[in-house]
Each structure stands twice: as C-alpha cells, then as structure tokens.
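Residues in the sequence shown are numbered from 951 upward in steps of one, following this note's numbering.
Note that the Cβ used here is the ideal one computed from N, Cα and C, for glycine as well.
This structure is a prediction, so every number in the text was calculated from the model and none was measured.
Scroll down for the structure; my scribbles are underneath it.
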Amino acid sequence: MVPLSGNLTVCGQQFWLGPDRAGATVTLWADTTVVHLLTNGVRLKTVPSRLTVAHLQRLLDEGGRPAGPPPIPTGQPGDPIEVDRTVNATGLICLAGRQHPIGYHLAGRRLTVRLDGGLLQLIENGVLMRSLPNPLTPAEQARIRDARPAGPPPTPAPEPVRVQRRISCRGSLTVAASTSG
C-alpha cells in the first residue's frame, strides 16, 4: 500500500509514486536486477533493483509469492530498446545521464526514442519523425532509466517531407549533402 507521502520503501529501496497514489495497492515484480511496479496489472514504472537475494528471500518469508515471468520482456543485450522522453526547450533529451541534441523544432514534444544498433530514431504516435546516429555505447544504453524492449520498427510519415533551404550568396543550394548551383 502506498503511504501518504507517496514514497514506498521495500527492504531499504525507495520507490517514488507520488502522493496522488496514496492508499493505492502496488504490486512489485522484483529480482536482483530490476523492479517493475504495477497496479491492477498495468506497469507504472521499472527501476534498477538494489535488492539482494537475501532481501528477496525475506519478502517471500513475509508472505510474498514467486514472481513468475516478468511483466514486460527483458530482451537480450544488443536488442533494440525504446524509452519515452520529452524534448526540452532547447531541443535536448536526456539519455544515460547526458543531454543529446535532437532539434529545437521538436521542443515540448513527448517522443519515443528507439535505439537500434547505431541508429537513434525519434517516433511520435508510431510515425518516424527523425533518424540520427546513436551516440550511446552499449554500456550507456544499459543504464537508461525506464527503457523497454522495442516494439515493431516505426513507419515513415505518409506525406512527403517538406524542407526549406536558403540559397547561399554564391547561388548554390544544398539538399541531402549534395550541392547544385
């Protein structure tokens, strides 16, 4: 049960759920690597676990039950992952503790960031908004909070992409790294 403070503590690990969830029953699916917090079978959040085997045994001894399979698949190292992020006012998102520029024109939008090998894709409502090189190492990707195994690849926007370019003082125009003039 979530206390009035909204800060649930289990075996010394704290889980911030907010005072608006006070009194709600939360189920924890836990192992020594990850803790999934669920309410009515719906995942609220996933956080790295600080629980030891002794903590898990204590929870079982105090009336906990064996967890069974994880509520969301964990995937394999190197598999594509997704995470939701809001783009800040200067066009940056935070991944693995660092700010990454993705474009100020996306400021304020809540996007799904898909990391697949060397590719970072920005997705909004299932539509691919932008693709960039992946700036993260596999070790950094493993540290991303709230990451989940990726779903199917995004679809490109149905309409053609429109861009504006300024012609230089020399009369040349650059489109897709190709200059004409």
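Simplified DSSP assignment, three categories, for A980: strand
Beta-carbon separation (whole angstroms), V992 vs F965, contact threshold 8 Å: That belief does not hold up - the Cβ atoms of V992 and F965 are roughly 16 Å apart, past 8 Å.
Span of the alpha helix (DSSP H) around H1005: V1003 to D1011
C-alpha distance - E1090 paired with G1053, whole-angstrom precision: 22 Å
Same chain, Cβ closer than 8 Å to A974, neighbours up to 5 away in sequence not counted: Excluding positions up to five away in sequence, the list reads M951, V952, L967 and T989.
Stretch-stretch touch, CB-based, cutoff 8 Å, three pairs: the stretch 1012 to 1020 with the stretch 1037 to 1049: no
Distance, P1085 Cα to T1062 Cα: 16 Å
Element boundaries [alpha helix (DSSP H), containing Q1091]: P1088 to A1092
Cβ-based burial, L958 [other Cβ within 10 Å; buried from 16]: buried
Those residues which DSSP pairs with P1099 across a bridge: I1031
L1056 (DSSP reduced to helix, strand or coil): helix
R1115 in three-state terms, based on DSSP: Three-state DSSP puts R1115 in coil, outside helix and strand.
Residues sharing a beta bridge with S1081, DSSP: Q1071
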